[in-house]
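**Q**
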Amino acid sequence: MELDSVMLSRMLTTMTLMFHIIFATIGVGVPIMIAIAEFIGIKKNDPYYLLLARRWARGFTITVAVGVVTGTAIGLQLSLLWPSFMEVAGQVIALPLFMETFAFFFEAIFLGIYLYTWDRFKGKWTHWLLTIPVMIGSSASALFITTVNAFMNTPQGFDLKNGEMINIEPIAAMFNPATPSKVMHVVMTSYMTSAAILAAIAAFAILKGRKGAYERKALRLTVTCTLIFSIIVSVTGDVSAKFLAEVQPEKLAAAEWHFETEKEADLIFFGTLNENGEIENEIRIPKFLSFLAGNSFDTEVIGLEEFPEDERPPLWIHYMFDIMVSIGMFVLAVSALYVIAGRVKKWNELNKPLLWAIVASGPLSMVAIEAGWILAEVGRQPWILRGYLKVAEAATTSNSVGLTFVMFALLYLVLGVMTVVVLIKMFKNSPAEAELEKRFPNRG
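Residue numbers for the sequence shown follow my numbering, beginning at 21 and rising by one.
As structure tokens, then:
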């Protein structure tokens, strides 16, 4: 691997996106959990759920602040590292980028009002209503930025003449064929991952001996939400697979090591490729790739051999697909087992193995998010704008990318450490039990 400006630009963009996606995912998913907790708290007049909403909202502000920094870095790097791409596509993606910024400010304004108006309204439902614009803003932000990525995969809404985009239709470009499936999957996986992370925190607290009503109710709510969102994610994932089979067959073929066009194609998990390019040590589900691609075992799935060698994605993305799907199945199974255990009298849903599995589900869900984005981005290679502009043609030729990489790596290290330290101190210095006693002394 040659560390030229193209490779260094890819490495820096990858590092930035992988760091930013942590905070972006939490930024999209946590508002809905806050809204659910406060809704239940008001509906049941339950101070525990109201405190959950309060504490989650406080922690959420820290992740939002860091997300602003990393999101700004992405915008800066688009211009610095990929000038040819911005020169060609900048006019097309300008609208969704502006709308994403508008959605963020919309969310931030109402989040500020929400945080500073607890107990200031006569009616509790008035305060809860403030969660609606926060949820709309966070999800709309995900929608608009995802349309940019979707456009890079299925570009439309323009004519290309002499290397310049003309006759631009921004709305058509935003709502390209990839937008519906991508937006649904991105938003729902953010909901699922945020719920799983909050569940992991609650489960860990119980394992450490804090088994009060606050922790148990937090665990029950977050795991139930994780299960619901996991089921929806399995549906959006299926829709995404069918979209790839129809519109981006080379990505699906590379992700599934499917080399020859055929019907009754097998679904392959894990495995290795030998020197002759033959698959070994795999888990093979007969005919299931065809079913995944078209709801029929007779569906013809296009093989990688149909595409020029220089336009094929790298085959290692197969493992990203496997990691993403395996973790999704694990989280779904663990959350379902907890919900079932809670309803069967003889079962103990707070047994240690299950709690540790819930703890693992949180970080693993974020790993699945990272793997999914790697699959999406690397699976588009060698294109940055599919069918129009290749990555090697779009990158900067500057010799300073290596130094920039080091500087941003140090920035992300500092931000990551500071985030963890601040969040730990924020909640360690204000335990839930003490805050409950202070805010709800007569809770009974």
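Backbone N, C-alpha and C fix where the C-beta goes; we use that ideal spot for every residue, glycine too. Treat the numbers as computed from the prediction; the structure is a model and nothing was measured.
(1) Tell me which residues share the same chain as residue 537 and place their Cβ nearer than 6 angstroms to its Cβ, disregarding the 5 neighbours each side in the sequence.
(2) Look at the alpha carbon of residue 225 and the alpha carbon of residue 29, and state the distance between them as a whole number of angstroms.
(3) Report the option in 323, 325 and 288 whose CA atom is closest to the CA atom of residue 308.
(4) Inspect the CB distances between the region 359-378 and the region 183-202 and report whether three or more fall short of 8 angstroms.
(5) Only counting the same chain, and skipping five residues up and downstream in sequence, which positions put a Cβ closer than 6 angstroms to that of residue 252?
(6) Could you give the C-beta distance for residue 345 and residue 381, rounded to a whole number, given that I count them as a contact under 8 angstroms?
(7) Which same chain residues end up closer than 6 angstroms to residue 384 when comparing Cβ atoms and leaving out the 5 residues on each side of it in sequence?
(8) Just to confirm, is the Cβ distance from residue 424 to residue 32 under 9 angstroms?
(9) Can you round the beta-carbon distance between residue 233 and residue 69 to whole angstroms, since I take them to be within the 8 angstroms contact cut?
(10) Specify the secondary structure class of residue 405 as computed by DSSP and reduced to three states.
(11) For my contact list, residue 178 and residue 112 are in at a C-beta cut-off of 8 angstroms; report their separation, rounded to the angstrom.
(12) For residue 127 versus residue 197, is the C-beta distance shorter than 9 angstroms?
(13) For residue 188, which of helix, strand or coil comes out of DSSP?
(14) Find the nearest neighbour of residue 392 within the set 230, 202 and 422, judged by alpha-carbon distance.
(15) Only counting runs of 4 or more residues, tell me where the alpha helix (DSSP H) segments fall wholly within the region 195-281, in order along the chain.
(16) Would you check if the region 405-417 and the region 98-106 touch, i.e. whether three or more CB-CB distances between them fall below 8 angstroms?
(17) For the 8 angstroms Cβ check, are there 3 or more pairs between the region 322-329 and the region 252-262?
(18) What separation, rounded to the nearest whole angstrom, lies between the Cα atoms of residue 267 and residue 432?
(19) When you compare the CB positions of residue 175 and residue 399, do they come within less than 9 angstroms of one another, or not?
(20) With 16 other CB atoms within 10 Å as the buried threshold, where does residue 118 fall?
(21) Grab the span of the alpha helix (DSSP H) containing residue 78 for me, first residue to last.
(22) Suppose contacts are defined by Cβ-Cβ distances below 9 angstroms. Is residue 236 in contact with residue 357 by that definition?
(23) I need the boundaries of the alpha helix (DSSP H) containing residue 181, first residue and last residue.
(24) What residues in its chain sit with their C-beta under 8 angstroms from that of residue 301, if we drop five residues either side in the sequence?
(25) Could you please give me the residues that DSSP links to residue 321 through a beta bridge?
(26) To the nearest angstrom, report how far apart residue 397 and residue 326 are at their CA atoms.
(27) Please list, in chain order, all residues of the same chain as residue 85 whose beta carbon is under 7 angstroms from its beta carbon, the five residues on each side excluded.
(28) Leaving out the 5 sequence neighbours to the left and right, which residues in its chain are closer than 8 angstroms to residue 148 when beta-carbon positions are compared?
(29) Can you list the beta strand (DSSP E) stretches of 3 or more residues lying completely in the region 361-415, in chain order?
(30) Could you tell me the alpha carbon to alpha carbon distance between residue 182 and residue 409, rounded to whole angstroms?
(31) Give the straight-line distance between the Cα atoms of residue 351 and residue 254, rounded to the nearest whole angstrom.
(32) Report yes if the CB atom of residue 90 is closer than 9 angstroms to the CB atom of residue 39, and no otherwise.
(33) Can you list the alpha helix (DSSP H) stretches of 4 or more residues lying completely in the region 90-173, in chain order?
(34) Hey, which unbroken runs of the alpha helix (DSSP H) at 4 residues or more fall wholly within the region 301-349?
(35) Rank 121, 227, 411 and 448 by C-alpha distance to the C-alpha of residue 24 and give the top, closest one.
(36) Using only the alpha-carbon positions, how far apart do residue 87 and residue 107 sit?
**A** Looking at the coordinates:
(1) The requested residue 537 does not occur in the structure, where the chain is confined to residues 21 to 464.
(2) Taking the sequence shown and counting its residues from 1, the one referred to as residue 225 is at position 205. Taking the sequence shown and counting its residues from 1, the one referred to as residue 29 is at position 9. Taking the Cα positions, residue 225 is about 41 angstroms away from residue 29.
(3) The residue labelled residue 308 in the question sits at position 288 within the sequence shown. It is 288.
(4) Flag = no, the region 359-378 and the region 183-202 do not touch.
(5) Here the question's residue 252 lines up with position 232 in the sequence shown. Its chain contains 208 as the residues whose beta carbon lies nearer than 6 angstroms to that of residue 252, once the 5 sequence neighbours on both sides are disregarded; these appear in chain order.
(6) Residue 345 sits at position 325 when you count from the first residue of the sequence shown. Residue 381 sits at position 361 when you count from the first residue of the sequence shown. The distance from the Cβ of residue 345 to that of residue 381 is about 15 angstroms, inconsistent with a contact at the 8 angstroms cut-off.
(7) Position 364 of the sequence shown holds residue 384. Within the same chain, residue 384 has close Cβ partners 347.
(8) For the purposes of this step, residue 424 is taken as the residue at position 404 of the sequence shown. For the purposes of this step, residue 32 is taken as the residue at position 12 of the sequence shown. Taking the C-beta atoms as reference points, residue 32 is found nearer than 9 angstroms to residue 424.
(9) As a first step, residue 233 is located in the sequence shown; it is residue number 213 there, counting from the start. As a first step, residue 69 is located in the sequence shown; it is residue number 49 there, counting from the start. Their Cβ separation, rounded to whole angstroms, is 10 angstroms, which puts residue 233 and residue 69 out of contact at 8 angstroms.
(10) By one-based count along the sequence shown, residue 405 stands at place 385. The three-state reading of DSSP puts residue 405 in strand, counting E and B together.
(11) Position 158 of the sequence shown, counted from the first residue, corresponds to residue 178. Position 92 of the sequence shown, counted from the first residue, corresponds to residue 112. Contact between residue 178 and residue 112 holds: CB atoms are separated by about 6 angstroms, below the 8 angstroms threshold.
(12) As a working note, residue 127 is residue 107 in the sequence shown. As a working note, residue 197 is residue 177 in the sequence shown. No; because the gap between Cβ atoms is not below 9 angstroms, this pair is not in contact.
(13) Taking the first residue of the sequence shown as 1, we reach residue 188 at position 168. Coil.
(14) Working through the sequence shown from its first residue, we reach residue 392 at position 372. In terms of CA proximity to residue 392, 202 leads the group 230, 202 and 422.
(15) With a minimum length of 4 residues, the continuous alpha helix (DSSP H) runs that stay inside the region 195-281 are 199-227, 233-267 and 269-275.
(16) Contact check between the region 98-106 and the region 405-417: three or more CB pairs, one atom from each, fall below 8 angstroms, which counts as touching.
(17) Because the criterion of three Cβ pairs below 8 angstroms is not met, the region 322-329 and the region 252-262 do not touch.
(18) Taking the sequence shown and counting its residues from 1, one reaches residue 267 at position 247. Taking the sequence shown and counting its residues from 1, one reaches residue 432 at position 412. Across the structure, residue 267 and residue 432 are spaced so that their CA atoms are roughly 36 angstroms apart.
(19) Within the sequence shown, residue 175 is the residue found at index 155, counting from 1. Within the sequence shown, residue 399 is the residue found at index 379, counting from 1. Cβ distance not < 9 angstroms, so residue 175 and residue 399 don't count as in contact.
(20) Position 98 of the sequence shown, counted from the start, is the residue given in the question as residue 118. Exposed.
(21) As a first step, residue 78 must be located in the sequence shown, where it is residue number 58. Element bounds for residue 78: 67-101.
(22) On the sequence shown, position 216 is the one that residue 236 refers to. On the sequence shown, position 337 is the one that residue 357 refers to. Between residue 236 and residue 357, the C-beta gap is not smaller than 9 angstroms, which leaves the two residues out of contact.
(23) Position 161 of the sequence shown, counting from 1, holds the residue named residue 181. Looking at the DSSP string, residue 181 is not in any alpha helix (DSSP H); the run it does join, the beta strand (DSSP E), is 179-181.
(24) By 1-based counting over the sequence shown, the position of residue 301 is 281. Correct list, in chain order: 290, 291 and 292.
(25) As a first step, residue 321 is located in the sequence shown; it is residue number 301 there, counting from the start. In the DSSP secondary-structure assignment, residue 321 is bridged to 282.
(26) As a working mapping, residue 397 is identified with position 377 in the sequence shown. As a working mapping, residue 326 is identified with position 306 in the sequence shown. Residue 397 and residue 326: Cα-Cα distance of roughly 21 angstroms.
(27) Taking the sequence shown and counting its residues from 1, the one referred to as residue 85 is at position 65. Within the same chain, residue 85 has no close Cβ partners at all.
(28) Here residue 148 corresponds to residue number 128 of the sequence shown, with the count starting at 1. For residue 148, the CB contacts under 8 angstroms within the same chain, skipping 5 residues up- and downstream, are 55, 58, 59 and 62 in chain order.
(29) Whole beta strand (DSSP E) segments, 3+ residues: 403-405.
(30) Counted from its first residue, the sequence shown places residue 182 at position 162. Counted from its first residue, the sequence shown places residue 409 at position 389. Rounded to the nearest angstrom, the gap between the Cα atoms of residue 182 and residue 409 is 13 angstroms.
(31) Position 331 of the sequence shown holds residue 351. Position 234 of the sequence shown holds residue 254. So the two alpha carbons sit approximately 11 angstroms from each other.
(32) What you label residue 90 is simply residue 70 of the sequence shown in a count that begins at 1. What you label residue 39 is simply residue 19 of the sequence shown in a count that begins at 1. Contact annotation: residue 90 and residue 39 have beta-carbon atoms nearer than 9 angstroms.
(33) Whole alpha helix (DSSP H) segments, 4+ residues: 103-135, 144-149 and 151-173.
(34) As far as the region 301-349 is concerned, its whole alpha helix (DSSP H) runs of at least 4 residues are 308-314.
(35) Indexing the sequence shown from 1 puts residue 24 at position 4. Here the closest residue by C-alpha is 411.
(36) Looking up residue 87 in the sequence shown gives position 67. Looking up residue 107 in the sequence shown gives position 87. Their backbone Cα atoms lie some 26 angstroms apart in a straight line.
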